[in-house]
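Visitor: The sequence shown stops at residue 339 when you use full-length UniProt numbering, and every number in between is there.
For each residue, glycine too, the CB sits at the ideal point set by N, CA and C.
One structure is given below, represented as structure tokens, and several questions about it will come after.
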Amino acid sequence: MRSFASTLLAFCAIAFAMPQFTPPSPAAGGGGGGGGGGGKPITGSGIPNVTNARNPTCIPYYGVRDAIMGGIFQGRCGDNARAAIRLAFHDAGTFSLALQANALPNGGADGSILTDPNEVLRSENNGLQNIVRLLGPLPAQLRVPPGDVVHLAGILAVLACPGGPQIPAFVGRPAPRNVAPDGLLPNPEQPVAELTARFADMGFSIRELMALIGAHTTGKQRFVDPTKANSTFDTTVDIWDTRFYTQTADPTVLPGTLKLDSDVNFAVDATTTTDFNRFIGKQAVWSSEYAAAHEKMSLLGGRRDWSHRLQRDSPVEHRHYDSNRSVNWRRETTDRSVG
Ligand code: HEM
């Protein structure tokens, strides 16, 4: 069986931002201010309509895109979209460099959360059962690997949220080989040092973790405090903006919101505060760093060797893993033509 690490992944141009979105002014946005980009139009949201793949590998994925974005998300930054973003993280976030170094069974962005009936029942995955039920039939129906469905869904979900950046989508993951290791996903009661160490073991720097954690801009909680089920992490849960950073760093607790201890700790801990607060009011900076970190997350465990990034109208891009860099893709372009 092919291993994920040696698999050739194809870049498919299936997730493009469409309309422009103008975030509400801070006054209309419900307090905390400064998070939405100052009322300037930002791109994001809408169902992408590109269908002219030059690489035949990509063609089935337009059907996957439509089933997810149209059928499951209904084009909205709603509960299914936010669950899909968390699902992508909970699938990929079981990856461990330490396990890999010891040649032990590993996790990663392989879609195991969709195929292993026990994984989604773990308490750390509470709240993800419904999105697994909705996405679960797609691999068989559309003849694509489960990992591609999970990670395309995560990328499309970000795009469904107004302000959400485009994230390159790679396809061609092999079927999951292992049961994802248990106990590797973070919980909000862990101290900052444990959390940053765990993300380092996934391959993420603190800066990348602080960018990724901004996905809580579109999150709700149900299980941390069930008496406040459906409280949100910021006051603009349906918008991909930087209010999460602004409001988490501010000691005020706004109505309808709940702050995770871990998020509050990131805002103030000496090791994370600079990188956390750097995103306040900086939509473009955050979008770009979030997109890069999410792309990396969507490939965890599968990027050891190399892959081809097949862009429409651009040269093939070779990617090599470089473990000495925190952003560990070294990019080289050649003049080979695309498929
Ligand atoms: C220190 C790391 C993290 C911790 C401790 C953490 C913890 C949590 C918790 C406790 C919830 C609420 C679950 C519930 O009660 O329903 C949640 C929700 C969520 N998380 Fe995280 N998370 C972390 C990192 C991430 C990352 C890296 C992403 C994505 C890139 C992410 C995306 C989400 C989303 C989108 C939700 C909302 C899900 C929904 O509303 O259905 N989280 N997280």
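Between residue 216 and the ligand HEM, is there a pair consisting of the residue's CB and a ligand heavy atom that are separated by less than 7 Å?
Guide: Start at 1 with the first residue of the sequence shown, and residue 216 comes out as number 216. Checking every heavy atom of the ligand HEM against the Cβ of residue 216, one is found closer than 7 Å.
Visitor: Please tell me whether residue 204 and residue 242 are closer than 8 Å, where the distance is taken between their beta carbons.
Guide: Position 204 of the sequence shown, counting from 1, holds the residue named residue 204. Position 242 of the sequence shown, counting from 1, holds the residue named residue 242. Cβ atoms of residue 204 and residue 242: not closer than 8 Å.
Visitor: Within 7 Å: the Cβ of residue 224 and any heavy atom of the ligand HEM?
Guide: Mapped onto the sequence shown, residue 224 falls at position 224. Because some heavy atom of the ligand HEM lies under 7 Å away, the Cβ of residue 224 counts as near it: yes.
Visitor: Can you tell me whether residue 85 sits near the ligand HEM, meaning its C-beta is under 7 Å from at least one heavy atom of the ligand?
Guide: As a position in the sequence shown, residue 85 is number 85, starting the count at 1. Flag set: Cβ of residue 85 near the ligand HEM.
Visitor: For residue 148, which residues from the same chain have a beta carbon less than 6 Å from its beta carbon, with the 5 sequence-adjacent residues on both sides left out?
Guide: Residue numbering aside, residue 148 sits at position 148 when the sequence shown is read from its first letter. Result list for residue 148: 171, 173, in chain order.
Visitor: What's the C-alpha gap between residue 107 and residue 99?
Guide: Against the sequence shown, residue 107 aligns to sequence position 107. Against the sequence shown, residue 99 aligns to sequence position 99. Taking the straight line joining both Cα atoms gives about 9 Å.
Visitor: Is any heavy atom of the ligand HEM found at a distance shorter than 7 Å from the C-beta of residue 220?
Guide: To locate residue 220, count along the sequence shown from 1; it is residue 220. It does: the Cβ of residue 220 is within 7 Å (strictly closer) of some heavy atom of the ligand HEM.
Visitor: What is the C-beta distance between residue 94 and residue 181, in whole angstroms, given that I count them as a contact (C-beta under 8 Å)?
Guide: Looking up residue 94 in the sequence shown gives position 94. Looking up residue 181 in the sequence shown gives position 181. Residue 94 to residue 181, Cβ: 6 Å. Contact.
Visitor: Relative to the ligand HEM, is the shortest distance from any of its heavy atoms to the C-beta of residue 212 smaller than 7 Å?
Guide: In the sequence shown, residue 212 corresponds to position 212, counting from 1. Yes, the ligand HEM has a heavy atom inside 7 Å of this Cβ.
Visitor: Over what stretch of residues does the beta strand (DSSP E) that includes residue 171 continue unbroken?
Guide: Your numbering for residue 171 matches position 171 in the sequence shown. It spans 169–171 - the beta strand (DSSP E) in which residue 171 sits, taken as one unbroken run.
Visitor: Using the C-alpha atoms, what's the distance from residue 269 back to residue 260?
Guide: Locating residue 260 in the sequence shown gives position 260, counting from the first residue. Locating residue 269 in the sequence shown gives position 269, counting from the first residue. Spanning the two alpha carbons is a distance of roughly 14 Å.
Visitor: Assign residue 121 to one of two classes, buried (16 or more other C-beta atoms within 10 Å of its C-beta) or exposed (fewer than that).
Guide: Sequence index remark: in the sequence shown, residue 121 carries index 121 (1-based). When all chains shown are included, residue 121 counts as exposed.
Visitor: For the alpha helix (DSSP H) that residue 89 lies in, which residues bound it at each end?
Guide: Residue numbering aside, residue 89 sits at position 89 when the sequence shown is read from its first letter. From DSSP, the alpha helix (DSSP H) with residue 89 extends over 79–92.
Visitor: Between residue 294 and the ligand HEM, is there a pair consisting of the residue's CB and a ligand heavy atom that are separated by less than 7 Å?
Guide: Position 294 of the sequence shown, counted from the first residue, corresponds to residue 294. Because some heavy atom of the ligand HEM lies under 7 Å away, the Cβ of residue 294 counts as near it: yes.
Visitor: Who are the Cβ neighbours of residue 60 in its own chain at under 8 Å, not counting the five residues just before and after it?
Guide: Counting from 1 along the sequence shown, the entry for residue 60 is found at position 60. The residues are 142, 143, 144.
Visitor: Consider the Cβ of residue 203: report whether some Cβ of chain C lies at a distance smaller than 8 Å.
Guide: The question asks about chain C, but that chain is absent: this structure has only one protein chain.
Visitor: Sort 123, 96, 10, 201 by Cα distance to residue 55 and report the nearest one.
Guide: As a position in the sequence shown, residue 55 is number 55, starting the count at 1. Nearest of 123, 96, 10, 201 to residue 55, Cα basis: 10.
Visitor: Got a sec: does the ligand HEM put a non-hydrogen atom nearer than 7 Å to the Cβ of residue 163?
Guide: Start at 1 with the first residue of the sequence shown, and residue 163 comes out as number 163. No; taking the cut-off as 7 Å, the Cβ of residue 163 has no heavy atom of the ligand HEM nearer than that.
Visitor: As a quick exercise: from 250, 224, 253, 218, pick the residue whose alpha carbon is nearest that of residue 237.
Guide: Translated into the one-based positions of the sequence shown, residue 237 becomes position 237. For residue 237, the nearest C-alpha among the options comes from 218.
Visitor: Give me the Cα-Cα distance between residue 248 and residue 276, rounded to the nearest whole angstrom.
Guide: Position 248 of the sequence shown, counted from the start, is the residue given in the question as residue 248. Position 276 of the sequence shown, counted from the start, is the residue given in the question as residue 276. Residue 248 and residue 276: Cα-Cα distance of roughly 10 Å.
Visitor: Is any non-hydrogen atom of the ligand HEM found closer than 7 Å to the C-beta of residue 241, if you look at the structure I gave you?
Guide: Position 241 of the sequence shown, counting from 1, holds the residue named residue 241. Checking the Cβ of residue 241 against the ligand HEM gives no.
Visitor: Whole-angstrom Cβ separation of residue 92 and residue 298, contact assumed at under 8 Å?
Guide: Position 92 of the sequence shown, counted from the first residue, corresponds to residue 92. Position 298 of the sequence shown, counted from the first residue, corresponds to residue 298. Right, their Cβ atoms sit about 7 Å apart.
Visitor: Any idea what DSSP makes of residue 161, helix, strand or coil?
Guide: Along the sequence shown, read from residue 1 onward, the residue named residue 161 stands at position 161. Residue 161 falls in the coil class under three-state DSSP.
Visitor: For residue 260, is the beta carbon positioned less than 7 Å from some heavy atom of the ligand HEM?
Guide: For the purposes of this step, residue 260 is taken as the residue at position 260 of the sequence shown. Indeed, a heavy atom of the ligand HEM lies less than 7 Å from the Cβ.
Visitor: Flag this pair as yes or no: are the beta carbons of residue 262 and residue 165 separated by less than 8 Å?
Guide: As a first step, residue 262 must be located in the sequence shown, where it is residue number 262. As a first step, residue 165 must be located in the sequence shown, where it is residue number 165. Result no, Cβ atoms of residue 262 and residue 165 do not sit closer than 8 Å.
Visitor: Decide if the segment 218–231 is in contact with the segment 193–208; the criterion is three or more beta carbon pairs, one per stretch, under 8 Å apart.
Guide: No: the two stretches stay apart, fewer than three of their Cβ pairs being nearer than 8 Å.
Visitor: With a CB to CB cut of under 8 Å and the five nearest residues on each side skipped, what residues in its chain are close to residue 198?
Guide: Mapped onto the sequence shown, residue 198 falls at position 198. Cβ neighbours of residue 198 beyond the five flanking positions: 184, 186, 190.
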